[in-house]
Amino acid sequence: MNTPTIFKNSIWDIPMLGRLILILNLIPTLAVGQQIELKTQTLPPSPEVSALAKFADTRISRYSGIPDINIPLYTIVEQDLEMPITMSYHAGGIRVEERAGWAGLGWALNAGGSISRTLKGLPDESDRSRSGYVNHHVIPDQLSLNELVDYYNRSQSGVIDFEQDIFHFTFGSYSGKFVLGKNGSINFLNASNLKIEYETLNGSIIGWKVRDENGNQYIFQDTERTVTEDISEARSTPYRSNYISAWHLTKIISYRGREITFHYEGYTESYYSRSAQSASYFLSGSSGKGVCGTDKITDGYSEVTVRGKQLISIQFGLGKIELEGRNDRQDASARRLSGLKVISSQGRLIKSFSFDHDYYRSTLSNQHIDLPDFIARATPNKRLRLLNIRENTASPELLYQIEYRGDELPHLFSYSQDHWGFYNGQSNQSLIPQYLKFRNANANRLVVPDKALIGSLKKITYPTGGSITYEMESNKAVVSSGEYYNFFSPIVLEEDQPRYSASVNSQNTKAIFQVEPAGSPIDTLKLIQYTVHLNDMRDCDGRGKDCVGTLDIYLYSAAERSFISLLSDNMRKGSISGELWLKAGTQYELVLEGPRRILAGVSASVSGRKNPPKQEETGQIEVLVGGLRIKSITKDFGNQTETIEYRYEQEADSLSSGSLASFPKYDLVTFNTVAEKVPGRNDILVDHCMKFELRSFSQVPLSANADFFGYANVKEIRENEQGVILRTDYQFLSPKDFPDQTRYLAPTGIIRSNEVKRGVPVREIYFAQTDEGFKKSRELVYSYQPSEKLRHENFTFSCMGYGPGGCQDVRYLKYYNTTVWNPLIEIQEIQYDIQTGAAFEKVSRITYDETYLLPIEKTFFLSQNTTQEEYYYYPFNIPESMNAAGQTAVLAGLMEANRIALNLAQLKKSGGKLLEQQQLEMKRYHGKNLPVGLHKKHADQPSYNELSILSYDVYGNILEQKSRTDPSESFLWIEEGSLMAATVQNAAANEIAYTSFESAEKGGWSFGGEPYSDKSSKTGNNLYHLGRGSISKSNIPADLENLFLLSFWAKKTSSRTSGAWTFMGKTEMLTDDWQLIQREVTDDRVTLAGQGVLVDELRLHPKDAFMETYTYEPLLGISSHTDQRHYTKYYEYDALGRLATIRNMDRDILEHYAYTYQSQNR
19 MNTPTIFKNS IWDIPMLGRL ILILNLIPTL AVGQQIELKT QTLPPSPEVS
69 ALAKFADTRI SRYSGIPDIN IPLYTIVEQD LEMPITMSYH AGGIRVEERA
119 GWAGLGWALN AGGSISRTLK GLPDESDRSR SGYVNHHVIP DQLSLNELVD
169 YYNRSQSGVI DFEQDIFHFT FGSYSGKFVL GKNGSINFLN ASNLKIEYET
219 LNGSIIGWKV RDENGNQYIF QDTERTVTED ISEARSTPYR SNYISAWHLT
269 KIISYRGREI TFHYEGYTES YYSRSAQSAS YFLSGSSGKG VCGTDKITDG
319 YSEVTVRGKQ LISIQFGLGK IELEGRNDRQ DASARRLSGL KVISSQGRLI
369 KSFSFDHDYY RSTLSNQHID LPDFIARATP NKRLRLLNIR ENTASPELLY
419 QIEYRGDELP HLFSYSQDHW GFYNGQSNQS LIPQYLKFRN ANANRLVVPD
469 KALIGSLKKI TYPTGGSITY EMESNKAVVS SGEYYNFFSP IVLEEDQPRY
519 SASVNSQNTK AIFQVEPAGS PIDTLKLIQY TVHLNDMRDC DGRGKDCVGT
569 LDIYLYSAAE RSFISLLSDN MRKGSISGEL WLKAGTQYEL VLEGPRRILA
619 GVSASVSGRK NPPKQEETGQ IEVLVGGLRI KSITKDFGNQ TETIEYRYEQ
669 EADSLSSGSL ASFPKYDLVT FNTVAEKVPG RNDILVDHCM KFELRSFSQV
719 PLSANADFFG YANVKEIREN EQGVILRTDY QFLSPKDFPD QTRYLAPTGI
769 IRSNEVKRGV PVREIYFAQT DEGFKKSREL VYSYQPSEKL RHENFTFSCM
819 GYGPGGCQDV RYLKYYNTTV WNPLIEIQEI QYDIQTGAAF EKVSRITYDE
869 TYLLPIEKTF FLSQNTTQEE YYYYPFNIPE SMNAAGQTAV LAGLMEANRI
919 ALNLAQLKKS GGKLLEQQQL EMKRYHGKNL PVGLHKKHAD QPSYNELSIL
969 SYDVYGNILE QKSRTDPSES FLWIEEGSLM AATVQNAAAN EIAYTSFESA
1019 EKGGWSFGGE PYSDKSSKTG NNLYHLGRGS ISKSNIPADL ENLFLLSFWA
1069 KKTSSRTSGA WTFMGKTEML TDDWQLIQRE VTDDRVTLAG QGVLVDELRL
1119 HPKDAFMETY TYEPLLGISS HTDQRHYTKY YEYDALGRLA TIRNMDRDIL
1169 EHYAYTYQSQ NR
């Protein structure tokens, strides 16, 4: 196992620094202090991007305890591309400093996606005067001490960067993280077969192109820029960063060429955030001046300016989505999402939503906040809250009502935070926790469950009249006694520990007082309280004989040879009390001395707090963890109520199955120097000191996300009004199975993360309810084979010693960002006979291609002696023996487009013998490689062609196909290939023509006039007037032996028009009603012409073929279907897009649907 490269293993190896005096021939200078760099928290992207990134960072699953809460709005469909648009709520809890996006606090509009980055140091792609991670090859392992100091100074000056930024992506069904390698390569932290490329301009990444495994492209070009300026009082030169923090999804292009385009509107928003707070304590050295002064507390803030983007529309084939925003927010300068509309290409309003908001009052726990005036004035005391979603497409509108737990939240800069940043309601005066003897900072950072719930979502009432109620609770984890003692007990408040004491009086004038031993190497002194009561109520100076005479009360240590008098302060009403520090682990004797007459009625006591319990390392302690988990979900839909309860206990006992991957670590030791001009001389006196420092955030990353926390066992129990009806037990791999390799001594950090290996299910057990209780009915067991495919070295630096020239002792931590692949390799399925308990087992094992991460073989163990194998072949692994002639270029094209998941062939075998084989034959059409045939083979029988695809249109739609057993079938498409207008059996693609005059496509016909909309059209919305121009079709392969059938519906234009119309040698008497006209065609051309004639549903096909045709209400559904007998059914939709009525060709009602909700009158 690799270990971090660190010059010294422990900060406690460093000897105490004495006073160093250097006489330097320098010009006169003021006292100058050099302080250890203040490591600030990494700033996230804008509130908009952060709202989406939460879903990428935190698993929405039983493992994390976070329920999936979505309100579906619409789904865009483009061929095989689907993009659901939802309002999604992240139920993991609200952090104190979390800002609301435009959808409302906790909510995100899932429509499109983004790639964002967590910046660490410089942007990785920085070049020219600054070297980002990608653009240099300096390896600290190979540097001398002087070179190391030099590069440390460069990194602190923002000239060079040794840490990779973390890029987060979320779009469609994809989410995850990646980093850039030294060669600029894309490396996923969770191995993926996505293909990502980026484009740079002037040293900045300006866009990304992502191809999924099906060859679909996702283009990210709308950038968001974040400017951060550090206004910490600890810096004389403010730190400023200006970088592209996010790239929004601009366009999706499917493999077959369909496009979905996203349009944005820019905005600028500025706000202040807390970067860090620190408290430092003088430990040793020769000076207590300047930065070496004791008990120095520093506040740090940042001004963040976001030049962001908000989505305003989405354009797709059959319509568009418009998003409406209002500039009426009271908590931010960005817009508020106020509405969403779906509009068809014909201009019909398909869906319309409006979003109602109000505000949380963000004022709780603001008593001790001492902000600079300009920050206080700029910080809002409200946060945007989503109240209702109204679907107002029709009247009455449909209303989603949302309820929360309370209307108030803490102030954005409140100190009332637990370790993970969630509200705990404590009256803290800083964010810095109490730590052993360091008491100026005494924040209680423990989780307080009822406070953590404040503001969280409680209930959604649906338009149906039903509702879903979410009962949440705080997370819990079990830690070992050693972990608790090392990480939690040092930062719990003293009041949480019991007292120990000793007392004396006139009857018992001596008592032994044993001070608690040290809890850590720096816990050398213990705070002790003492109280003395005299025998009267006088006010006097206890140090004078006029007050106490010869009375003396003291602590004596023989080992330390020390006396400590307790009468060294003023008496108030005959009593004195105070605090003193005693050496840890030392035994003292508490003594009351004096003449008997003076001792009468006098008493004294000393007391301290016990150390937190130190138990055996194998012991387990349950601790509360930040964030929320689901306790129960109650679904109330009137006549049916169901409650789903979740339990998170370990299998063996009632302790939580939750575990942490990292623990809070606030403390570190820093070295500082202060230089001061010697009075009357040009010399400089340089003093050094060692200080103990506490920071307001953990030096080891903490998170309530699934990255750092999760549950190994979760029971899901479903119960209705009649009782428990279903139980399922789930087991997951957690930090208990795969802990991170973490260093808690300076320099601190996570050396190697195992987050990718955690959170996957390992067992599901389904129970059936019987008269004897629950019995197993089915069990699934999953096995994985994690492997590290690639790792990148990162370095963080700490300066542990200063001299006159600056930092002289640099330590560094080497940690790794690793690409981990964790494939599922085995599924064991066990079916149980509930009556007898007999078990029937089936096992399947999966083998993968390790480059493209797709399954290439599955083995099924069906019984003790029977196995079946399935083999899968893709563009990257199909053998030459199965590769038809001319397929090499096709395969290369598929690989170039990353269409790697296309299953080209599949074989089934048993005992080494072939059972079945099927294989696709591919060909290039219109620049795309598409299937043209499906070949099958059974056992030792000859292979045969199951399906032949004879042609495609430019959009990748099939125009003609022929199956082995059926006649050929052809298709016509409209709306740029989005909708199928006709299907014809027993005809080739070049033998058919059809139009209902609904779209720009003419279906194989030629005409110059414009169709027009008319309610009397036979099908669809449009018809055609032959007076505007004739309609013709040429190159018809018809003759006397190959008859074609021409058919259409016709009527005269008005009652005043003559109905006589001669067409193809026959006179028709047209009326005001539609009538079917049919002719046999034997020539290669046909023309329809005439005055006063309206036509619709124009068809041409071989006489022995069968045509069915369709018209549509785009984005709703079929508006008519006409079969081969010319019988038409009509479909009508209500204002909400639901099927309402089906009519026959005479427009009589065949079926009618009425939709009523419990909240509506029938």
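Residue numbering for the sequence shown follows our numbering, starting at 19 and increasing by one per position.
Built from N, CA and C at the ideal position, the CB exists for glycine as well.
Here W599 is exposed: its Cβ has fewer than 16 other Cβ atoms, across all protein chains shown, within 10 Å. Counting along the chain, the unbroken alpha helix (DSSP H) around P467 starts and ends at P467 to A470. In the three-state DSSP reduction, L163 falls in the helix class (H, G or I). Two segments are said to touch when three or more pairs of C-beta atoms, one from each, lie closer than 8 Å; by this definition the stretch 599 to 613 touches the stretch 561 to 570. For the 8 Å CB-CB criterion, R135 and S222 do not form a contact.
Contact between N399 and T381 holds, with the beta-carbon distance rounding to 5 Å and staying under 8 Å. In terms of Cβ geometry, P893 and I918 form a close pair [threshold 8 Å]. Annotation for I735: no alpha helix (DSSP H) segment contains it, though the beta strand (DSSP E) segment containing it runs N731 to N738.
Boundaries of the beta strand (DSSP E) around D747: G741 to F750. Nearest Cα to K931 within the set M913, M940, Y889 and E964: Y889. The alpha-carbon of V466 is positioned some 8 Å away from that of D436. Residue environment for M490: buried (at least 16 other C-beta atoms within 10 angstroms of its C-beta). Note that the C-beta distance between Y606 and S575 is below 8 Å.
Per DSSP, D391 is one residue of the alpha helix (DSSP H) stretching across D391 to A396. With fewer than three CB-CB distances shorter than 8 Å, the stretch 1072 to 1085 does not count as touching the stretch 1135 to 1154.
Bridge pairing for H1170: T1159 [DSSP]. Residue pairing for W265: DSSP places it in a beta bridge opposite I133 and T241. Beta-carbon to beta-carbon, G1022 and I1010 are separated by about 7 Å, close enough to satisfy the 8 Å threshold. The C-alpha of Y273 is placed about 41 Å away from the C-alpha of R113. DSSP places R614 in the uninterrupted alpha helix (DSSP H) bounded by R614 to L617. For D168, the secondary structure class from DSSP, reduced to helix, strand or coil, is helix. Here DSSP, grouped into helix, strand and coil, assigns K955 to strand. In the three-state reduction of the DSSP assignment, G676 falls in the strand class. Here I472 is buried. Its C-beta has 16 or more other C-beta atoms within 10 Å. No Cβ-Cβ contact shorter than 8 Å links E739 with T869.
DSSP places A786 in the uninterrupted beta strand (DSSP E) bounded by P779 to T788. Under DSSP, I339 takes part in a beta bridge, and its partners are I332 and V360. Per DSSP, the unbroken beta strand (DSSP E) holding G767 starts and ends at G767 to R770.
Nearest Cα to A1000 within the set A1007, N1008 and L990: L990.
I214 has V228 as its beta-bridge partners, per DSSP. For K528, the CB contacts under 8 Å within the same chain, skipping 5 residues up- and downstream, are V522, E607, L608, V609 and L610 in chain order.
D374 is a Cβ neighbour of R408, given a cutoff of 8 Å. S1052 is positioned such that its CB atom lies closer than 8 Å to that of D1102. The residue from Q328, F815 and V167 with its alpha-carbon nearest to that of Q826 is V167.
The alpha-carbon of Y285 is positioned some 5 Å away from that of G326. For the alpha helix (DSSP H) assignment, the uninterrupted runs of no fewer than 4 residues enclosed by the stretch 383 to 435 are, from N- to C-terminal side, 391 to 396.
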